[in-house]
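Just so you know, the protein sequences line up as chains A and B, in that order.
Heads up: the first sequence at position 55 corresponds to 69 in our numbering, and the numbers run straight through without jumps.
Heads up: the second sequence at position 115 corresponds to 153 in our numbering, and the numbers run straight through without jumps.
Ideal Cβ positions, reconstructed from N, Cα and C, are used throughout, including at glycine.
These figures come from a predicted structure and were not determined experimentally.
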Amino acid sequence: QKEVEQNSGPLSVPEGAIASLNCTYSDRGSQSFFWYRQYSGKSPELIMFIYSNGDKEDGRFTAQLNKASQYVSLLIRDSQPSDSATYLCAVLGGGGSYIPTFGRGTSLIVHP
Amino acid sequence: DTEVTQTPKHLVMGMTNKKSLKCEQHMGHRAMYWYKQKAKKPPELMFVYSYEKLSINESVPSRFSPECPNSSLLNLHLHALQPEDSALYLCASSQRYPSTLTGNTIYFGEGSWLTVV
């Protein structure tokens, strides 16, 4: 049984701070990792994907992947109140599976 | 803006009604998905279509009937639903299924909120 673990939060950070969202996964064969943002009452929106160990940056967002530790994270720099949402980690691959396994999501609150 | 469009945005139906959810994608993707999401839970896979053929049915009750008329369209026919089926229904697409890494990126539509009364 593949597992993707996220702290449900809420994670509360002040405006302008760095928000760090973490995700661990159980399947060592996992190959692709995705971060989705979901505002309350809305559908998940893809923020980033990462396949290789290391960091991947896109604007204020940085995804970090460490396959040895089975750990993927999302950093949000200069957090804004509009970043307040639930962030879903999804992990794909391993064992011939091509369907992503979603974590339960971390609720982020950015307060002014 | 998402290139996966879903209609209707909201649907209220009785337990004896028959209704359909519709989805269209304009990205040239050959894989389409239906997910169900309850409050404060992650999306739960229901069906996967690949090249208009059903590839995965996650043991979904027969009161949910998917249909893929062509590579751009996906429907979910609803009949004799129960109140516990009330949820956000998400359509999604990816380049293809199964796929290499890049082709596995799933893009969601805005969802259809379903309430069964």
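Judged by pairs of C-beta atoms under 8 Å, the region 21-38 of chain A does not touch the region 120-136 of chain B, as fewer than three such pairs exist.
Identification of residues in the region 55-88 of chain A having a C-beta nearer than 9 Å to some C-beta of chain B yields G55, K56, S57, P58, E59, L60, F63 and Y65, given in sequence order.
Excluding the 5 residues flanking it on each side, L106(A) has same chain C-beta neighbours closer than 6 Å at S46 and P114, in chain order.
Shown here is that no member of the region 23-41 of chain A has a Cβ falling below 7 Å from a Cβ of chain B.
Under the Cβ distance rule, S96(A) does not count among the residues neighbouring chain B, no pair being separated by less than 7 Å. For A125(B), the pairing in a beta bridge is given by DSSP as L152(B). When rounded, the separation of the alpha-carbon atoms in A125(B) and T153(B) is 7 Å. Listed by position along chain A, the residues whose Cβ is nearer than 8 Å to that of K79(B) are R118. Counting other Cβ atoms within 10 Å of its Cβ, A69(B) reaches 16 or more and is therefore classed as buried. Within the DSSP bridge table, the entry for M62(A) names W49(A) as partners. Ranked by Cα distance from H115(B), the first of K79(B), E41(B) and M84(B) is M84(B). For a cut-off of 8 Å, the C-beta gap from F146(B) to P28(A) is around 30 Å, too long to register as a contact.
The C-alpha of Y101(A) lies about 6 Å from the C-alpha of Q52(A). In this structure the region 62-77 of chain B lies against the region 102-114 of chain B, because at least three pairs of beta carbons, one per stretch, are closer than 8 Å. Scanning W151(B), G149(B), S132(B) and S150(B) for the CA closest to the CA of T143(B) turns up S132(B). Residue ranges of uninterrupted beta strand (DSSP E) with 3 or more members, entirely inside the region 79-117 of chain A and ordered along the chain, are 85-90 and 99-106. Contact of P136(B) with chain A is assigned, a C-beta pair being separated by under 7 Å. Membership of K60(B) in the beta strand (DSSP E) is indicated by the continuous run K56 to Q63. Judged by DSSP in its simplified three-state form, N21(A) adopts coil rather than helix or strand.
Counted as a single uninterrupted DSSP element, the beta strand (DSSP E) harbouring N95(B) occupies residues K91 to N95.
Counting along the chain, M53(B) sits inside no beta strand (DSSP E), nor does DSSP assign it H or E at all.
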